[in-house]
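See below for the structure under consideration.
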Amino acid sequence: MPAKPATFDKAHALPPDERLALGYALLDSVENADGCTQAEWETAWAAECDRRLAEHLANPEFSRPWEEVKAELLAALGR
């Protein structure tokens, strides 16, 4: 995991509502970095959701409960 940027502690000291606004602004800056419009992004995401659902419906035996996946991830992280 990369080291925290020097500004993290300053950002973390902000009130929760300001941290949330900052988080959304940072996420927007990354999501829009590829030049896609919001409508293009939503269309692409809807297509990806449809693809994933179709894959699940075609192969339900490959599904795993969230509790199982979460436990596996936490174990891998040593938590």
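Counting in the working numbering, the final residue of the sequence shown is number 457, and the numbers go up one at a time with none missing.
Built from N, CA and C at the ideal position, the CB exists for glycine as well.
Item	Value
I believe Arg397 touches Ala389 by the beta-carbon criterion, under 8 Å. Please report the beta-carbon distance rounded to the nearest angstrom.	6 Å
Return the chain-ordered list of same chain residues with a C-beta closer than 8 Å to the C-beta of Ser441, the five sequence neighbours on each side being excluded.	His434
Tell me whether Ala381 sits in a helix, a strand or coil according to DSSP, three-state version.	coil
Roughly how many whole angstroms lie between the Cα atoms of Thr385 and Asp406?	18 Å
Output the distance between the C-alpha atoms of Leu392 and Val408, rounded to the nearest integer angstrom.	21 Å
Can you give the Cα-Cα distance for Ala424 and Glu446, rounded to whole angstroms?	26 Å
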